[in-house]
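Note that my numbering has the sequence shown beginning at 11, numbered continuously upward. Where a beta carbon is used, it is the ideal one built from N, C-alpha and C, also for glycine. Presented below is the structure to which this report refers.
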Amino acid sequence: MEIVAKCPTCDAGLPVHGADAPAAIKCGRCGREIPLTTSEAVRQDVAVDHCPVCGGADFYIRKDFDPRIGLTVVIIGALVSAGFYWFGRDLIAYSILGSAALIDLVVYGRLKDLTVCYRCHTEFRGAYERRAPAFDLHTADVLELEYESRIGRR
Ligand SMILES: [Zn+2]
Ligand SMILES: [Zn+2]
11 MEIVAKCPTC DAGLPVHGAD APAAIKCGRC GREIPLTTSE AVRQDVAVDH
61 CPVCGGADFY IRKDFDPRIG LTVVIIGALV SAGFYWFGRD LIAYSILGSA
111 ALIDLVVYGR LKDLTVCYRC HTEFRGAYER RAPAFDLHTA DVLELEYESR
161 IGRR
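Structure representation (structure tokens):
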């Protein structure tokens with residue numbers, strides 16, 4: 011399992027191999043020591059049960075995808091088709107817009123899920139079975155607040 015541990019101080023993403031995760035890592039940006047408590051399930055890529063960074067057991071699943079990329083494809087498609095539309099080539103305009111949306115859909119569908127820790131936003135990628143639910147804003151609000159007051163950020 012690949013883990014991207016999020017530094018509690020500066021939010022830098024620190025890549026860690028689940029199988030040989032050390033007892034502590036040092037943040038490359040701010041120098042903070044971050045102790046890792048890696049569970050057996052995480053080490054063996056079986057499941058994400060406990061977050062190595064904050065110890066939390068609440069996770070959500072999201073597509074491993076940067077929404078900005080998809081948006082760019084659609085915007086470029088829209089601009090190009092607007093150009094054709096302007097010159098009276100409606101059919102070409104619509105088909106370009108359609109294929110941009112289609113490309114987006116195909117890319118999105120092929121993406122794998124990644125697991126994210128509600129509290130510290132540490133990310134997990136691996137062959138394990140995804141069991142966490144989809145993102146819930148209310149849960150995120152409650153758990154982030156709890157975590158941030160615990161580490162003294164608020
Ligand atoms: Zn840091
Ligand atoms: Zn966490």
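Restricting attention to beta strand (DSSP E) runs no shorter than 3 residues, the segment 50-74 encloses them at 69-73, ordered along the chain. Take Cys20, set aside five residues on each side of it, and the residues of its chain with a beta-carbon closer than 6 Å to its own are Arg39, Cys40, in chain order. Short note on Arg53: C-beta not closer than 7 Å to any heavy atom of ligand 1.
Under the DSSP definition of a beta bridge, Glu139 lacks any partner. In this structure, the alpha-carbon of Ile85 lies about 14 Å from that of Leu115. Per the DSSP secondary-structure output, Glu154 pairs with nothing in a beta bridge. Under the 10 Å beta carbon count, Phe145 is surrounded by fewer than 16 other beta carbons and is classified as exposed.
For Lys16, the enclosing beta strand (DSSP E) covers residues 12-16.
Pro25: member of the beta strand (DSSP E) spanning 23-27, first to last residue. Going down the chain, each residue whose beta-carbon is closer than 5 Å to a heavy atom of ligand 1 shows up: Cys17, Thr19, Cys20, Ala22, Cys37, Arg39, Cys40, Arg42.
For the pair Leu124 and Asp74, the CB atoms are nearer than the 8 Å cut-off. Following the DSSP letters along the chain, one finds Pro32 in no beta strand (DSSP E), marked with neither H nor E. Between Ala34 and Pro45, the C-beta spacing is below 8 Å. The C-alpha of Val117 is placed about 32 Å away from the C-alpha of Gly66.
For Glu156, the closest alpha carbon among the candidates Ala88, Cys64, Val26 is that of Cys64.
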